[in-house]
Amino acid sequence: MQAIVVTQTGGPEVLTTQDVVAPVAGPGELVVETAAVGVNFIEIYQRSGVYAMELPHIPGAEAAGTVVAVGDSVHGFSVGDRVATAAAHGTYAAQFVVDAAQAVHVPEGIDLEVAGALPLQGCTAHYLAFSAAQPQAGEWALVHAGAGGVGQLLIQLLVAHGVRVIATASTDEKRELCLAAGAEHALPYEDFAERVREITDGEGAAVAYDGVGRDTFDGSLAALRVRGDLVLFGGASGQVPPFDLQRLNSGGSLRISRPTLTHFMLTPEERAWRYNELFDAVNAGTLRVRVGAKFAIADAADAHRALAGRETTGKVILVP
Ligand code: NDP
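FYI, our numbering numbers position 170 of the sequence shown as 1141, with every residue one higher than the one before it.
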């Protein structure tokens, strides 16, 4: 089968198509024929060497498709089932293998492209909104990169919960998308902390969700109210350098967390809670999954260029 294989770290050009042996289902595993692959920023960090990976490797953790083989000791899945996952290995491929415990059935009414677009960014937005911090109805939350994959979903989940959202984004078109998702204000990055203070009558936001990292970190701290939470969940602009904890004291007894999805999907119950709420909201029409760009799997390098180059909005997917 054809797959994208990374044999050395580097730029998008290291994403090359190769013929590889098709996967087999070991005990507890499923083999899935790929219908749609979710592209995520973490694959850029892995490809470029920011996060260490064994080489060679097939990128990708998120996808949806149809089960073509079921390993021993698997219960609840059969050949032909439509499934999705946020936690497979090597989904940039015609077929991938996934631990059955990390796969979910795709409900009726949800097509496989949406199902491939939702799991990783959807579960991330869900744990950010309800677990990593818990902004309450009527409180203000700041969401950076609000037109992005996580950003669009996070704004919608927060607003549905009654939280008031101020988003940032780099262009007018992206800021329109933030407003369309339910943000009350959509700001450019310039002087955003001062603008947040003005909007919140001097108080500051209860929570700042920051996946941009290096370029926004200081402003995110400055935008918080006393005892506010900074949830640093990524570094699209680069990683945040070492930090003096005393700044949390002088900033107003602030808290910072640096969460990652795996630690918020620990039990079957936790995974089911997040997936069920997301799929139910999509089926009810209260959560829109915006697929902003679609590439062939063989053109994964172009997908990475577009995502890293800030050209995309919503979700980027790959299709066979
Ligand atoms: P996005 O679709 O949000 O794309 C990244 C966006 O970041 C860009 O579109 C851009 O929006 C903004 N950005 C700001 N500065 C830069 C820069 N210098 N270079 C590139 N982009 C920049 O990506 P994802 O939704 O996939 O991921 C968003 C963040 O969430 C990433 O940091 C990712 O690592 C993180 N993440 C973390 C997880 C976790 O559990 N910790 C899980 C999943 C994702 P604009 O042009 O509007 O500024």
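Virtual Cβ for every residue (Gly too), placed ideally from N, Cα, C.
Source: prediction; values computed, not measured.
Asked                                                                                                                  : Found
Distance CB(V1010)-CB(A1271) smaller than 9 angstroms                                                                  : yes
Integer Cβ distance of A1057 from A1032, believed to fall under 8 angstroms                                            : 6 angstroms
Closest by C-alpha distance to A1103, when choosing among T1231, V1114, S1221                                          : T1231
Segments of 3+ residues assigned as beta strand (DSSP E) that fall wholly inside the segment 1180-1237                 : 1195-1203, 1226-1228
Residue of T1283, V1290, V1287, A1274 minimising C-alpha distance to E984                                              : A1274
Exposure label - P998; buried when at least 16 CB within 10 Å                                                          : exposed
Residue span of the beta strand (DSSP E) that contains A1264, given as start and end                                   : 1262-1267
Within 9 angstroms, strictly: CB atoms of I1126 and A1164                                                              : no
Bounding residues of the beta strand (DSSP E) (the contiguous stretch that carries D1070)                              : 1066-1070
Counted within 10 angstroms of its Cβ, other Cβ atoms place L1237 as buried (16 or more) or exposed                    : exposed
C-alpha gap between V1050 and D1070, whole angstroms                                                                   : 15 angstroms
Beta strand (DSSP E) segment containing G1036, residue limits                                                          : 1033-1041
Inter-stretch contact (C-beta, 8 angstroms, three-pair minimum) for the segment 1201-1219 and the segment 1178-1187    : yes
Cβ shell of G1093 (< 6 angstroms), same chain only, five flanking positions each side left out                         : L1124, L1249
Own chain partners of M1024 with C-beta closer than 6 angstroms, once the 5 adjacent residues on each side are dropped : Q1017
Cβ-Cβ distance between T1171 and H1115 below 9 angstroms                                                               : no
Per-residue DSSP class, three states only, for A1176                                                                   : strand
Buried versus exposed, by CB contacts within 10 Å (16 or more), Y1098                                                  : buried
Ligand 1 heavy atom lying under 8 angstroms from the CB of P1230                                                       : yes
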